[in-house]
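Notes follow the structure.
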Amino acid sequence: MKILFVRHGQTNLNYPRRMQGISNEELNATGKKQADEIRKILENKKIDLIIVSPLKRAVQTAEIINSNMNKEIIIDKRITEMNYGTIEGKIYCKDYWNMDYDYKSINGENISDFQERIYDFIKDIKVKYREKNVLIVAHRRSS
560 MKILFVRHGQ TNLNYPRRMQ GISNEELNAT GKKQADEIRK ILENKKIDLI
610 IVSPLKRAVQ TAEIINSNMN KEIIIDKRIT EMNYGTIEGK IYCKDYWNMD
660 YDYKSINGEN ISDFQERIYD FIKDIKVKYR EKNVLIVAHR RSS
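Count the sequence shown with my numbering and you get residues 560 to 702, in order.
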């Protein structure tokens, strides 16, 4: 199994470094251009399928990358960005990542639950797609 990982392109919340989380932002013009640049880089790579977060910015990035490949795209909610609750949309706070793993903002998700969901996803795809080359289009947890 080979896994390639791509973070979605830029949105209007990324540029001013806001906590985006599960906000369902679309790619901006820069993000679309970034996705197209990645498409060109990956066009000669052997990719069997694409697994993507259900958030618009990730799906749009995957669709742009896949425009010439025509591979199966599987949406998997387990790789959705972390839910930051009431701090979504706020200016990025580096101190957030220094908090206890059980801390969660109001209506948000704690870091340990987020990690558990990602680990479950990784264990699952290692079994299901062990003979495949998988492209994952998702998010990056800032730190």
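Beta carbons: idealized from backbone N, C-alpha and C, even for Gly.
With contact defined as three or more Cβ pairs closer than 8 Å, the stretch 568 to 588 and the stretch 606 to 620 are in contact. If you check the CB distance, residue 684 and residue 696 do not come in under 8 Å.
Residue 689 counts as exposed, since fewer than 16 other C-beta atoms from the protein chains shown sit within 10 angstroms of its C-beta. In the three-state reduction of the DSSP assignment, residue 606 falls in the coil class, being assigned neither a helical nor a strand state.
When DSSP states are grouped into helix, strand and coil, residue 632 belongs to the strand group.
By the C-beta density criterion, residue 629 is exposed, having fewer than 16 other C-beta atoms within 10 angstroms. In this structure, the alpha-carbon of residue 561 lies about 12 Å from that of residue 609. Each residue's CA atom was taken as its position, placing residue 593 and residue 620 some 8 Å apart. For residue 670, there is no enclosing beta strand (DSSP E); the residue is part of the alpha helix (DSSP H) that begins and ends at 670 to 687. Under DSSP, residue 696 forms a beta bridge with 565 and 611. With 16 or more other Cβ atoms from the protein chains shown falling within 10 Å of its own Cβ, residue 623 counts as buried.
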